[in-house]
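Encoded as structure tokens, the structure appears first; notes follow it.
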Amino acid sequence: MISLFMSRAAAPRLASSTIAAARPLGMMSSLSSNLSYIVKPFSSSLASFRMSYSEAPIALHSVLLIGSRSMSTVPSPQEEGEIVTFLTLNSIRDNPGSVKKKRRIGRGVGSSKGKTCGRGHKGQKARAGGSISPMFEGGQTPLYKTIPKRGFRNTVHAQPMVPINVETLENYVAMGRLIPPGPSDPPLTIPDFINAGIVKKSAVKHGVKLLGGGADKLKTPLRLEVSRASKSAIDAIERAGGEVVTVHYNKLALKALMKPDRFDIIPRRALPPPKLMPYYTNYDNRGYLSPEVQMKKVLAQQKN
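Per our numbering, the sequence shown starts with residue 301, numbered consecutively.
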């Protein structure tokens, strides 16, 4: 066996070589201060320190291991503080398990929804678009046919009107988009409302109805010709010094009124149907066929 003798003078060389070996690991600062109690037996021995050649690497390795443990800066569990995590836009995530991956059908028998895709073999429900109405009761008389019916829906013959409030007319007059007519000017009609931007031409299908919303704000006297008018709207217009006349327009007359450029000769306006005749012959509605309105029209023509 080859013996290795280390004297008191050789101990510092072992320490320096150990420090040099620890330099690449970044352990220089704390290793030099922690080797004093390890190298002390070498310098304090009066006799030479005897170490076998095979034991020298083991001793050097133990020196490095002890030094590395003493230099560790990882805090103990008792010294660790509370971990703070900041919420940022790139760290926003759904809670685990909140989003479930959708099962894809028709991807082989191993997917549990392959081949027939969960529809079964043949039949009405296996076809595309072969769903059965929830009202179907297997061929027996359905419930909705066994119950008596009351009332009706007038969706086929309904004539919805485009509503216009008198407050809207006053606002457009204040903006200068609607010009009040003078004594000798014709009254305002549906094309004037369309040109001012109050209603859209495509929205007018059967006419315009004047409503009394914001009647207390109306100050400008206006003369109007509309399809229908409410009682409150008539009172508000006449209170401000204006005049309202309700006129019937069928589809042809309404088209000739809004698009006169499409006609070489403007067709004559048709009378209202018998169902609407009582409305336009009643002066309370200011119908254009009422005797009072007809008389006012004749007197106005005589003055001119």
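Backbone N, C-alpha and C define an ideal beta-carbon position, used for all residues, glycine too. Predicted model, so just to flag it, every value in this text is computed and none were measured.
Using the rule of at least 16 other Cβ atoms within 10 Å of the residue's Cβ for burial, across every protein chain shown, is residue i buried or exposed?
i: H548; result: buried
i: F256; result: This structure gives no information on residue 256, because the portion of the chain shown stretches from 301 to 604.
i: N585; result: buried
i: L478; result: buried
i: I464; result: buried
i: S398; result: exposed
i: T468; result: buried
i: E470; result: buried
i: R350; result: Note on R350: pLDDT 45, under 50, position unreliable in the model; the coordinate value appears next. Its Cβ having fewer than 16 others within 10 Å, R350 is exposed.
Is residue j closer than 7 Å to residue i when the C-beta atoms are compared?
i: A426; j: G420; result: yes
i: L510; j: A533; result: yes
i: K501; j: I494; result: yes
i: G414; j: R407; result: yes
Taking residue i as the reference, which of the options has the closest Cα?
i: P573; options: R403, Q459, L522 and I392; result: Q459
i: P483; options: R393, R568, R523 and K517; result: R523
i: G514; options: A540, K400, P486 and K559; result: A540
i: V466; options: M595, L518 and G406; result: L518
i: E543; options: I498, A553, A529 and K555; result: A529
i: R569; options: D485, G587, N550 and Y583; result: N550
i: H457; options: P448, S590 and K575; result: K575
i: M577; options: K596, S391, P567 and S590; result: S590
i: P491; options: A556, N604 and L552; result: A556
i: T520; options: Q440, P481, L554 and K401; result: P481
i: A536; options: L387, S391, S433 and D516; result: D516
i: T446; options: R453, F452 and E437; result: E437
Assuming residue i and residue j are in contact, meaning their beta carbons sit under 8 Å apart, how far apart are those beta carbons, in whole angstroms?
i: I405; j: G418; result: 6 Å
i: S527; j: G507; result: 3 Å
i: A503; j: V473; result: Wrong, their Cβ atoms sit about 21 Å apart, outside the cutoff.
i: V593; j: V545; result: 6 Å
i: T489; j: E525; result: 5 Å
Bridge partners for residue i per DSSP, in chain order?
i: N465; result: L511
i: T546; result: V526 and G587
i: L488; result: L524
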